[in-house]
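Undergrad: I have a structure I would like to understand better, so I am pasting it below and will then ask my questions one at a time.
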């Protein structure tokens, strides 16, 4: 099963885990099964059926926008990462 | 003192005109005393950079380019002080440091150019940083600019430099920098840190994706942690700023073959280092900025005049004025309803659980609230609008 890496800000909505295995053959399927396990994540990642514009998703370090977006195929050994923008810089 | 391959830079600094405004930068006395002690050859030569020049890819030619180069550091907090420190020591010929803020005691944990005396002196960060940088390297020119970077002033702050460095703490300013950099065709380096995690990316307009290609939009307020809720660790900021600084040295020395083409993500607490491949996004993403030339932050259609400040339960309100505020007059009125003190750079006023820091151009930072509407009311109520 593909491994999904969960960023620090979203861990409280994923049972505190920094990663989770989620079934699926595409990025969309993997994220759907992840968010059915952790429903709180759903609204933070998706706006309806689409990913929120400030959420970037990578498969093995490649941005899915360069691949096939949510239809990007995912192998069982692949790693899917949810990458939030880091705003801080600390004044 | 000299190695065989080493040629001292025989330049009379007084002949460099605008580049070395010793009188304006207040460096004359310091430079004179250092000269007496070390002799002019050492000061005005490249000897101090010998260890850096011995690094093969840089060499003396690279150093000469670095010494002739100009940068603007946007923001002089944790990222900015580390950037300023590295680039001053590396001999970047002209460094403009822009910051809107004053030093507070909780900055000292990570903002490496500042000390307790600076807090006690109520110095602006840009000014305190510039003073330290001139002590570190009297051979370079440092310009301190105490202002809030916005769409009305950014072009004047970055048009005359070779590289723009991100030491800011918010996406609004970063998108503004991105607009200006893409419009002017200048490289800039993005960096951001929260907790023990950070990101950085080198942006060369036309050759790499821009910030908006990669981060299409920033999360809405309250959606992600800030320095206030998640804290921030000094070594994490230093790491990201050091990544920015090494990229700066490559760009300024003309050695661009080794530039970072990825979005770098590190988590120092959990020892992860990732290089996300974003280079292929160039041309693939329908980017409003670098594909369509829409500069929405630069033309003022995006961005606001108010900003909640990362990590501080405070709101900044910018009301640009043509005149300079009269702090004496303001202090005499406000002293009847709260504690007031002021110097040439700022007026501080405390009342009813709120602290106002007012700047000569009318800008104010209001502490004690994250609510922009409330902050606007407080501004109007106590300072007038």
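Protein chains in written order, with the working numbering: chain H, 53 to 143; chain S, 453 to 837. Ideal Cβ positions, reconstructed from N, Cα and C, are used throughout, including at glycine. Small disclaimer: the values here were computed from a predicted structure and weren't measured.
Give me the Cα-Cα distance between residue 540(S) and residue 588(S), rounded to the nearest whole angstrom.
TA: The count along the second chain starts at 1 and reaches residue 540(S) at position 88. The count along the second chain starts at 1 and reaches residue 588(S) at position 136. Each residue's alpha carbon lies about 7 Å from the other.
Undergrad: What does the alpha-carbon distance come out to for the pair residue 529(S) and residue 521(S)?
TA: Position 77 of the second chain holds residue 529(S). Position 69 of the second chain holds residue 521(S). Residue 529(S) and residue 521(S): Cα-Cα distance of roughly 23 Å.
Undergrad: When the cut-off is 7 Å and only beta carbons count, does residue 728(S) lie next to chain H?
TA: As a position in the second chain, residue 728(S) is number 276, starting the count at 1. Yes, residue 728(S) counts as interfacial toward chain H.
Undergrad: Taking the C-alpha atoms as reference points, what is the distance between residue 35(H) and residue 732(S)?
TA: Only positions 53 to 143 of chain H appear in the structure, and residue 35(H) is not among them; the question remains open.
Undergrad: Return the Cβ separation of residue 682(S) and residue 644(S) in integer angstroms, given the expectation that the two are a contact with Cβ distance under 8 Å.
TA: Here residue 682(S) corresponds to residue number 230 of the second chain, with the count starting at 1. Here residue 644(S) corresponds to residue number 192 of the second chain, with the count starting at 1. Going by Cβ atoms, the distance from residue 682(S) to residue 644(S) rounds to 12 Å, so no, they are not a contact pair.
Undergrad: Given a cut-off of 7 Å, decide if residue 703(S) and residue 639(S) are closer than it, judged by their beta-carbon atoms.
TA: By 1-based counting over the second chain, the position of residue 639(S) is 187. By 1-based counting over the second chain, the position of residue 703(S) is 251. In this structure, residue 703(S) lies closer than 7 Å to residue 639(S) by Cβ.
Undergrad: Would residue 61(H) be called buried (16 or more neighbouring beta carbons within 10 Å of its own) or exposed?
TA: As a working note, residue 61(H) is residue 9 in the first chain. The residue is buried, with at least 16 neighbouring Cβ atoms inside 10 Å.
Undergrad: Taking DSSP's pairing of strands, which residues face residue 651(S) in a bridge?
TA: Within the second chain, numbered from 1, the residue matching residue 651(S) stands at position 199. Note: residue 651(S) sits in a beta bridge opposite 644(S) and 717(S).
Undergrad: For the candidate residues 633(S), 568(S), 542(S) and 706(S), whose alpha-carbon lies nearest to that of residue 590(S)?
TA: The count along the second chain starts at 1 and reaches residue 590(S) at position 138. Closest by alpha carbon: 542(S).
Undergrad: Please list the partners that residue 736(S) has in chain H, where partner means a Cβ-to-Cβ separation under 8 Å.
TA: By 1-based counting over the second chain, the position of residue 736(S) is 284. Ordered by position in chain H, the residues that pass the 8 Å Cβ test against residue 736(S) are 117 and 118.
Undergrad: Do residue 650(S) and residue 718(S) have their CB atoms nearer than 7 Å?
TA: Taking the first residue of the second chain as position 1, residue 650(S) is located at position 198. Taking the first residue of the second chain as position 1, residue 718(S) is located at position 266. Against a cut-off of 7 Å, the Cβ pair of residue 718(S) and residue 650(S) comes out as a contact.
Undergrad: To the nearest whole angstrom, what separates the beta carbons of residue 780(S) and residue 686(S), a pair I think is in contact under 8 Å?
TA: Taking the second chain and counting its residues from 1, one reaches residue 780(S) at position 328. Taking the second chain and counting its residues from 1, one reaches residue 686(S) at position 234. At roughly 39 Å, the Cβ-Cβ gap does not stay under 8 Å, so residue 780(S) and residue 686(S) are not in contact.
Undergrad: Quick one: which chain H residues come within Cβ less than 7 Å of residue 732(S)?
TA: Taking the second chain and counting its residues from 1, the one referred to as residue 732(S) is at position 280. Within 7 Å Cβ-Cβ: 118.
Undergrad: Restricting to runs no shorter than 4 residues, where is the alpha helix (DSSP H) found entirely within the segment 500-567 of chain S?
TA: Correct list: 502-505, 511-519 and 530-542.
Undergrad: Pick out the complete beta strand (DSSP E) segments inside the segment 571-649 of chain S, 3 residues or longer, and give them in chain order.
TA: Those beta strand (DSSP E) runs which fall completely within the segment 571-649 of chain S and span 3+ residues are 593-598, 615-618 and 640-646.
Undergrad: What does residue 113(H) reach in chain S if we use C-beta pairs closer than 7 Å?
TA: Taking the first residue of the first chain as position 1, residue 113(H) is located at position 61. Correct list: 726, 727, 728 and 729.
Undergrad: Checking 7 Å against the spacing of the C-beta atoms, do residue 610(S) and residue 632(S) come in under that value?
TA: Taking the first residue of the second chain as 1, we reach residue 610(S) at position 158. Taking the first residue of the second chain as 1, we reach residue 632(S) at position 180. In contact: residue 610(S) and residue 632(S) (Cβ atoms closer than 7 Å).
Undergrad: Which same chain residues end up closer than 6 Å to residue 800(S) when comparing Cβ atoms and leaving out the 5 residues on each side of it in sequence?
TA: Indexing the second chain from 1 puts residue 800(S) at position 348. Hits under 6 Å: 793 and 809.
Undergrad: Taking CB distances under 7 Å as the criterion, tell me whether residue 105(H) reaches chain S.
TA: Start at 1 with the first residue of the first chain, and residue 105(H) comes out as number 53. Yes - at least one Cβ of chain S is within 7 Å of the one on residue 105(H).
Undergrad: Can you find the residues in the same chain that come closer than 6 Å, C-beta to C-beta, to residue 665(S), ignoring five residues on each side of it along the sequence?
TA: Position 213 of the second chain, counted from the first residue, corresponds to residue 665(S). Counting only Cβ-Cβ distances below 6 Å, and skipping sequence neighbours, we find 733, 737 and 739.
Undergrad: Counting only Cβ pairs nearer than 8 Å, list the residues of chain S close to residue 75(H).
TA: Mapped onto the first chain, residue 75(H) falls at position 23. Simply none; closest approach about 24 Å.
Undergrad: Quick check: what's the CA-CA separation for residue 527(S) versus residue 551(S)?
TA: Position 75 of the second chain holds residue 527(S). Position 99 of the second chain holds residue 551(S). For residue 527(S) and residue 551(S), the distance between alpha carbons rounds to 5 Å.
Undergrad: Flag this pair as yes or no: are the beta carbons of residue 531(S) and residue 693(S) separated by less than 7 Å?
TA: To locate residue 531(S), count along the second chain from 1; it is residue 79. To locate residue 693(S), count along the second chain from 1; it is residue 241. Yes, the Cβ-Cβ distance between residue 531(S) and residue 693(S) is below 7 Å.
Undergrad: Please list, in chain order, the residues of the segment 655-668 of chain S that have any C-beta partner in chain H closer than 8 Å.
TA: Cβ contacts with chain H come from 666, 667 and 668.
Undergrad: Mind checking if residue 822(S) is an interface residue toward chain H, Cβ cutoff 7 Å exclusive?
TA: Here residue 822(S) refers to the residue found at position 370 when the second chain is read from its first residue. It does not: the Cβ of residue 822(S) has no partner Cβ on chain H nearer than 7 Å.
Undergrad: Could you check the C-alpha separation between residue 458(S) and residue 592(S) for me, to the nearest Å?
TA: Stepping through the second chain from its first residue, residue 458(S) is reached at position 6. Stepping through the second chain from its first residue, residue 592(S) is reached at position 140. Per-residue confidence for residue 458(S) stands at a pLDDT of 41, beneath the threshold of 50, marking its modelled position as unreliable; no derived number is given.
Undergrad: Output needed in chain order: residues of the segment 618-629 of chain S with a Cβ under 8 Å from some Cβ in chain H.
TA: Answer set for the segment 618-629 of chain S: 618, 619, 620, 621, 622 and 623.
Undergrad: What does the alpha-carbon distance come out to for the pair residue 519(S) and residue 504(S)?
TA: Along the second chain, read from residue 1 onward, the residue named residue 519(S) stands at position 67. Along the second chain, read from residue 1 onward, the residue named residue 504(S) stands at position 52. If you take the alpha carbons of residue 519(S) and residue 504(S), they lie about 12 Å apart.
Undergrad: Measuring alpha carbon to alpha carbon, tell me which residue in 554(S), 752(S) and 787(S) is nearest residue 628(S).
TA: Counting from one through the second chain, the residue named residue 628(S) turns up at place 176. Closest option to residue 628(S), Cα to Cα, is 752(S).
Undergrad: Here's the rule: buried if 16 or more other CB atoms are within 10 angstroms of the residue's CB, otherwise exposed. What is residue 548(S)?
TA: On the second chain, residue 548(S) is found 96 positions in, with the first residue counted as 1. Buried.
Undergrad: So, is residue 506(S) buried or exposed, given that buried needs 16 or more other C-beta atoms within 10 angstroms?
TA: Within the second chain, the letter at position 54 stands for residue 506(S). So residue 506(S) ends up on the exposed side.
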